[in-house]
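Below is one structure, written out as structure tokens, with a few remarks after it.
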Amino acid sequence: MPELPEVEVIRRELEPLLTGKEFAGPVLHMPSTIGHPRPEEFSAALPGRRVKTIGRRGKYLLIYLDRGILTIHLRMTGNLFYAEDGKAREERFLRLSLPFTDDSALHYSDMRRFGRLWLTETEEELQELVLKKIGPDILNDLCREDFLDLLAKKERSRLKALLLDQGFAAGMGNIYTDECLFRSGIDPNRRVADLKEGEAEKIYQAIFDVLKEGIEYGGTTFRDYRNSSGALGDFQSRLAVYGRKDELCRCGTPIKKTKVAGRGTYFCPCCQK
DNA sequence: AGCACCACCTGTGGGC
DNA sequence: TGCCCACAGGTGGTGC
111 MPELPEVEVI
121 RRELEPLLTG
131 KEFAGPVLHM
141 PSTIGHPRPE
151 EFSAALPGRR
161 VKTIGRRGKY
171 LLIYLDRGIL
181 TIHLRMTGNL
191 FYAEDGKARE
201 ERFLRLSLPF
211 TDDSALHYSD
221 MRRFGRLWLT
231 ETEEELQELV
241 LKKIGPDILN
251 DLCREDFLDL
261 LAKKERSRLK
271 ALLLDQGFAA
281 GMGNIYTDEC
291 LFRSGIDPNR
301 RVADLKEGEA
311 EKIYQAIFDV
321 LKEGIEYGGT
331 TFRDYRNSSG
341 ALGDFQSRLA
351 VYGRKDELCR
361 CGTPIKKTKV
371 AGRGTYFCPC
381 CQK
């Protein structure tokens, strides 16, 4: 579900709400949601720790504590919901409740159960256990020069596959990748080696623009995404190609859907070459 | 190195 | 109307 913009929207909302709060005893409705440490250790270790700041790397939300780091990945259908009164809004897919000592709470629900939480004691442990194969955050930690350098090392890759590769750079998902390639005028099947003068720069700019806009519009709610107050995103109204098979592109050509890198891929055969 | 597949889950929507 | 299959904002593993 959530890509970089959706996670960033959640981060911005939660940071002022959670900073300074102290965790009480968690309730694990589905213990397998905990990736590390073992569920019972997690439950014993979290109470008493306080939230310092909230960060993000790609699609990972990083809740820095006075001791250790609580990391969350929402995968396809994970949702975080903050409740001032501590009450969860729906029970069906509730996997985890993290109450605070002031009786407010952070709830985690996840229909498809793919999402995970990790509690690590140090930055090094987080790196080793969770972020080992994750590249730099594509919005905050990758300048144009570095992006172009990294791209040059991946001559044989298809653009769509590369942008989706979190080891290359972290944050792009299926929706924003299709939108980025549309804005760049690049066919998703093209390979890096075939890019012409100026096209790589165009892609970098499109990544930046589309992610920024996604954040400004509160993320994309195509199906399940909700922010931490339960509200829908707005960026779906701005999508040029994603989810618009057979609808007309602004150039008048019907948008096509194919499969690239194993994912449903939308593009305009006229605007993207 | 890159890619195609499968697995992990549950729900929904299109086609027949 | 109802059933079945394909597919869904992600990622990790396998094997070619």
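In this note's numbering, the protein residues as written are 111 to 383.
Built from N, CA and C at the ideal position, the CB exists for glycine as well.
All values reported here derive from a predicted model rather than from experimental measurement.
Taking DSSP as the reference, what is the three-state secondary structure of residue i?
i	result
Asn284	helix
Pro379	coil
Phe318	helix
Lys270	helix
Glu132	strand
Ala279	coil
Leu184	coil
Ala193	strand
Arg205	strand
Ile179	strand
Arg199	coil
Cβ atoms of residue j and residue i: under 8 Å apart, would you say?
i	j	result
Ile179	Thr211	no
Thr181	Leu124	no
Lys62	Gly277	An answer regarding residue 62 cannot be provided, because it is not within the stretch 111 to 383 covered by the chain.
Phe377	Phe257	no
Gly329	Glu116	yes
Leu114	Leu249	yes
Ser294	Glu307	no
Cys290	Leu273	yes
Lys355	Lys369	no
Asp297	Lys383	yes
Pro246	Leu239	no
Ile410	Ser347	With the chain covering 111 to 383 only, the question about residue 410 has no answer from this structure.
Glu132	Gly158	yes
Trp228	Gly145	yes
Arg254	Tyr314	yes
Phe332	Ile365	no
Ile317	Glu118	no
Tyr192	Leu260	no
If I measure Cβ to Cβ from residue i and keep anything under 6 Å in the same chain, skipping five residues before and after, which residues do I get?
i	result
Phe323	A small correction: the amino acid at residue 323 is Glu; Phe does not occupy that position in the sequence shown. Nothing meets the Cβ criterion.
Asn189	Ser219 and Arg336
Leu156	Phe133 and Pro136
Using alpha carbons as the reference points, say which of the options lies closest to residue i.
i	options	result
Thr187	Arg226, Gly135 and Leu269	Arg226
Ser219	Val137, Leu239 and Glu233	Val137
Gly130	His217, Ala155 and Ile164	Ile164
Arg360	Thr368, Ala350, Ala262 and Arg336	Ala350
Met221	Arg266, Thr143, Asp356 and Cys380	Thr143
Pro112	Ile317, Gly281, Glu233 and Tyr327	Gly281
Arg301	Leu175, Arg373, Lys264 and Asp176	Lys264
Glu233	Ala198, Tyr174, Pro209 and Leu184	Tyr174
Glu150	Leu184, Gly135, Arg185 and Lys162	Gly135
Leu184	Ala316, Phe224 and Arg166	Phe224
Leu171	Glu194, Arg160 and Leu241	Leu241
Asp320	Glu201, Arg373 and Phe345	Looking at the sequence itself, residue 320 is Val, so the reference to Asp does not match. Out of Glu201, Arg373 and Phe345, Phe345 has the C-alpha closest to the C-alpha of Val320.
Leaving aside the five residues before and after residue i along the sequence, list all residues of the same chain whose C-beta is less than 7 Å from its C-beta, in chain order.
i	result
Thr287	Lys270, Leu273 and Leu274
Leu208	Phe133, Pro136, Ala215 and Leu216
Leu204	His139, Ala198, His217 and Ser219
Among the residues of its own chain, which have a CB less than 8 Å from the CB of residue i, if the five just before and after it don't count?
i	result
Thr363	Cys378, Pro379, Cys380 and Cys381
Lys162	Thr129, Tyr174, Leu175 and Asp176
Starting from the N-terminal side, write out each stretch of the beta strand (DSSP E) that is 3 residues or longer and does not extend beyond the segment 135-173. 144-146 and 161-167
Beta strand (DSSP E) runs contained entirely in the segment 215-246, provided each spans 3 or more residues: 215-220 and 226-230
To test your reading of the DSSP string, which unbroken alpha helix (DSSP H) runs of 4 or more residues are found completely within the segment 292-367? 309-326
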